[in-house]
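Here the structure comes first, spelled out in structure tokens, and everything after it is commentary.
Numbering (our numbering), first residue to last: 319 to 421.
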């Protein structure tokens with residue numbers, strides 16, 4: 319994916335995670351809103367690793383937003399492109415993403 323495409327996909331994940339958190343963790347979302355709304359872009363080595371991170375985050379009760387591309391530009395339709403994890407406290411998110419490198 320191009321840098322612009324990655325940025326757009328990350329935006330979709332951030333919005334999706336926000337919307338889910340509104341329904342499932344409004345208190346945690348409010349805390350995130352009041353404390354700087356941190357966002358960090360990380361990379362995985364494979365789709366399998368991305369799915370594993372998603373499963374681990376869900377087991378820990380962390381909101382996730384898996385993005386599948388519509389396939390109108392660079393990516394095949396329904397391809398998983400990015401995963402939003404959180405909002406949640408940094409210490410908790412780090413348990414599932416702490417091993418990843420910055421994008």
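All C-beta atoms in this analysis are idealised placements derived from N, C-alpha and C, irrespective of residue type, glycine included.
Note that the coordinates shown come from a computational prediction; the quantities given were computed from them, not determined experimentally.
- Sequence-distant Cβ neighbours of residue 380 in its own chain, meaning closer than 8 Å and more than five residues away, are 403, 404, 406, 410, 411 and 414.
- For the 7 Å CB-CB criterion, residue 347 and residue 339 form a contact.
- When 368, 394 and 392 are compared, the shortest CA-CA separation from residue 383 is found for 368.
- Exclusion of the five residues before and after residue 342 leaves 381 as the residues of its chain whose Cβ lies within less than 7 Å of its Cβ.
- According to the DSSP assignment, residue 415 belongs to no beta strand (DSSP E) but to the alpha helix (DSSP H) extending over 408-415.
- Linking residue 417 to residue 364 through their CA atoms gives a straight-line distance of about 14 Å.
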